[in-house]
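Numbering (the numbering used here), first residue to last: 114 to 558.
The beta carbon of each residue, even a glycine, is placed where N, CA and C say it ideally should be.
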Amino acid sequence: MKLKTKIHLFSTVLMLCILTLSNIGIYFIFKQLAFTTEYQQLIHRSKELTEGLSRVQDEDEVGDVLRTYINPESLLRIVDQDGQILKTTQSTNELKSYTPTFDEGADYTIGMVQGAAVMMTRVPIIYTDGDIAYVEIVQLLRDSSRSLRLLKFILFGVTVLAMVPITLSSMTLGKVLIQPIKKLIATMRASRRSGKYEKLVASEGKDELAEMSQTFNEMMEQLEQNYHKQEMFVSNASHELKTPLTIMEGYARLLKRRGFDNRQVADEAVTAILNETGRMKELIEQMLQLAKTKDPLAFTFSQVDINQLIDEVIEPLRVSSGRDIQFVWEGRLPASTDEKRLKQLLFILLDNARKYSEGEIIVRAMLEERAIVIEVEDAGEGIDEKHLPHLFDRFYRVQEDRARKTGGTGLGLSIAKDVADGIRAQLQVESGRGQGTTMRIILPR
């Protein structure tokens, strides 16, 4: 069953049920009000009747009093405590065959005579012989019954007539709700057929349907961007892998032609092949690492002493590189983060500072407002401002010759950015030509 049909059926049936329940409620409320009004009138008559009977001393006069207070289409009678009829009178023959029954504890009872409602109530009196008796008043509610039947027909007619606008409104509702969905389906099919990332026409509304269209457009835009990034990544990765393979092939051919006769050429060729093999291995490892940082399950958070963590990263670099790396910190700085990933991020930044500078490297750890800030500052040649927005793009290099000299792959800072996002940290850079570079990690506590 289509969604449009479901909307039609559901809205129509729902409105019909609401209307039917409302009409039933109206009918029974009116019926109760009508019976309550009739009951109050009977109580008023019973008071007048009991006052008249209280002045009677002779049993023969009781019948005259009953005939005096009887109303049209009613029955009056007096019964003893055993239910035996002592006196009775009636103003209509329709009640001759009616045998009233009264429920103890009820204010009144309702019966039926020839399709009309009959109400009965009773009040106690002291009879002429001094015993307790009951006056029973039975009233034929012909007008109320007629009104209730008319109300029933009116409510039924209203329900039937209301089905027309209800059906039309449900069809309109279905059309309003389905139209944007049909456009969405048509756009998705067009995108599938053409291979392009088609978008919906922007809607000016602020409802959920407009929000759905906007979300779809944003999703298509993001998919298109990711597709282009993927294309660029594959192209760049192919180029980066092809370059060392070409160099290795060239030196292998050189070695094949002259290497076995010339020791110097052989050494040069083997050294170049080993270097390019190392570069290619590093590139592949970084590409795999880049894929892993996209997995949210790869991050495990725990309480970490930031100062101790920085020391553990700096010390091996001091020994292996022989560089002067200073660490400046302000008190104990505990934080909830992924210790392994933060070490990886810090190592990337320190390794870049080591590669692209020759002077002192300064690492600072400080507390600012509700975050811990870690800075890595070097005194290298710096980066032009025009390169800063692209610094975290994959395979982006500030200078190709400098990257070749240092062995950079263009993936280090891209991996660092993904790691920072994974540990919910911000990564900022401040640099300028001839001013050195400062990389800043802003880590939430």
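Fill in: Closest by C-alpha distance to residue 197, when choosing among 304, 247, 444 and 449
Taking residue 197 as reference, the option from 304, 247, 444 and 449 with the minimal CA-CA separation is 247.
Item to complete: Kindly list the residues whose CB is nearer than 6 Å to the CB of residue 390, restricted to its own chain and excluding five residues on each side of it in sequence; keep chain order.
Response: none
Item to complete: For residue 414, I'd like the list of residues in its chain whose CB is within less than 7 Å of its CB, leaving aside the five on either flank, ordered along the chain.
Response: Around residue 414: 449, 450 and 451.
Discussion item. Could you check whether residue 125 and residue 283 sit closer than 8 Å to each other, using their CB atoms as the reference points?
Written reply: yes
Practice prompt. Ignore the nearest five residues each way along the sequence and tell me which others in residue 221's own chain have a CB closer than 6 Å to its CB.
Written response: Same-chain partners within the cutoff: 152, 232 and 234.
Discussion item. Given this structure, state the Cα-to-Cα distance separating residue 228 from residue 288, to the nearest angstrom.
Written reply: 48 Å
Practice prompt. Could you please give the first and the last residue of the uninterrupted alpha helix (DSSP H) stretch that includes residue 370?
Written response: No alpha helix (DSSP H) contains residue 370, which DSSP labels as neither H nor E.
Practice prompt. Using alpha carbons as the reference points, say which of 497, 434, 506 and 527 lies closest to residue 461.
Written response: 527
Practice prompt. Could you round the C-beta distance between residue 536 and residue 454 to whole angstroms and report it? I think they count as a contact, below 8 Å.
Written response: At roughly 5 Å, the Cβ-Cβ gap stays under 8 Å, so residue 536 and residue 454 are in contact.
Worksheet item: Can the beta-carbon of residue 139 be found closer than 8 Å to that of residue 286?
Response: no
Fill in: Close Cβ partners of residue 200 (< 7 Å) along its chain, the five nearest in sequence each way excluded
175, 176, 179, 190 and 191
Worksheet item: Comparing alpha-carbon positions, which option in 421, 439, 273 and 335 lies nearest residue 130?
Response: 273
Item to complete: Let me know if residue 300 comes out buried or exposed under the rule of 16 or more other beta-carbons within 10 Å of its beta-carbon.
Response: Residue 300 should be labelled buried.
Worksheet item: For the 8 Å Cβ check, are there 3 or more pairs between the segment 240-260 and the segment 145-162?
Response: yes
Practice prompt. Check the C-beta distance from residue 420 over to residue 445 and give it rounded, since I have them as a contact under 8 Å.
Written response: Contact holds; Cβ gap of about 7 Å.
Worksheet entry | For residue 504, the first and last residue of its enclosing alpha helix (DSSP H) | No alpha helix (DSSP H) contains residue 504, which DSSP labels as neither H nor E.
Worksheet item: In whole angstroms, what is the alpha-carbon distance linking residue 205 and residue 182?
Response: Computed Cα separation, rounded: 14 Å.
Fill in: Classification of residue 203 by the beta-carbon crowding that lies within 10 angstroms, buried from 16 upward
buried
Worksheet item: Are the segment 473-483 and the segment 540-549 in contact at 8 Å, needing three or more beta carbon pairs?
Response: Segment contact: the segment 473-483 against the segment 540-549, fewer than three CB-CB distances shorter than 8 Å; contact not assigned.
Worksheet item: Just to confirm, does residue 308 get its C-beta within under 7 Å of one of the non-hydrogen atoms of the ligand FMN?
Response: Looking at this structure, you won't find the ligand FMN or any other ligand, since it has none at all.
Worksheet item: Start and end of the alpha helix (DSSP H) containing residue 269?
Response: 255-307
Practice prompt. Would you list the residues sitting across from residue 439 in a DSSP beta bridge?
Written response: 475
Worksheet item: Is it buried or exposed for residue 495, if we count other Cβ within 10 angstroms and need 16 for buried?
Response: buried
Worksheet item: Are residue 264 and residue 143 closer than 8 Å when you measure CB to CB?
Response: In this structure, residue 264 sits near residue 143, with a CB-CB distance shorter than 8 Å.
Worksheet item: DSSP three-state call for residue 516: helix, strand or coil?
Response: The predicted position of residue 516 is uncertain, since its pLDDT is 48 and thus under 50; no value can be drawn from it.
Worksheet item: Taking buried to mean at least 16 other C-beta atoms within 10 Å of its own C-beta, is residue 490 buried or exposed?
Response: buried
Discussion item. With H, G and I counted as helix, E and B as strand and the rest as coil, what does DSSP make of residue 169?
Written reply: coil
Item to complete: Pull up the CB-CB distance for residue 560 and residue 238, whole angstroms please, since I reckon it's below 8 Å.
Response: Because the chain spans 114 through 558 in this model, residue 560 falls outside it and cannot be assessed.
Discussion item. Helix, strand or coil for residue 529? Go by DSSP, reduced to three states.
Written reply: Helix, per DSSP.
Worksheet item: Which of the three DSSP states, helix, strand or coil, is assigned to residue 200?
Response: In the three-state reduction of the DSSP assignment, residue 200 falls in the strand class.
Worksheet item: Between which two residues does the alpha helix (DSSP H) carrying residue 466 extend?
Response: Counting along the chain, the alpha helix (DSSP H) containing residue 466 begins and ends at 452-468.
Fill in: residue 119 versus residue 311: straight-line alpha-carbon distance, rounded
29 Å
Fill in: N-terminal and C-terminal residue of the alpha helix (DSSP H) that residue 421 is part of
419-434
Item to complete: Sort out for me which residues DSSP pairs residue 235 with in a bridge.
Response: DSSP lists 249 as partners of residue 235.
Worksheet item: DSSP three-state call for residue 524: helix, strand or coil?
Response: coil
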